[in-house]
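The structure appears below as C-alpha cells.
Numbering (the working numbering), first residue to last: 231 to 300.
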C-alpha cells in the first residue's frame, strides 16, 4: 500500500500549525519538536531561534512533517 508523508514548510508558523493539526487529527508528536536554537555550534539569527527545525505527527498510517524556513 502506498504511503503519503508530506513535508510542509512554514514562515515562522510551523509550531502553531502543528499544534492545530494535533487537535484536529489527534495523536502525539513523534519524538521531540526541534527548534533552530537546539542546533549545537551553529550561529542562528535571534529572530530565527524559536523557529521549528523539525516536527512530525503521525496521521493514521501516514506521517505529516514540517519545519520553518528563513
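Using N, Cα and C, we set each Cβ at its ideal position, and we do this for glycine too. Fair warning: this is a prediction, and the values are worked out from it, not measured in the lab.
Local Cβ density within 10 Å of residue i, reported as buried at 16 or more and exposed below that
i           : result
residue 343 : Since the displayed the chain opens at 231 and closes at 300, residue 343 lies outside it and no answer follows.
residue 282 : buried
residue 248 : buried
residue 298 : buried
residue 296 : buried
residue 238 : exposed
Per-residue DSSP class, three states only, for residue i
i           : result
residue 265 : strand
residue 232 : coil
For residue i: DSSP bridge partner residues
i           : result
residue 298 : 240
residue 286 : 295
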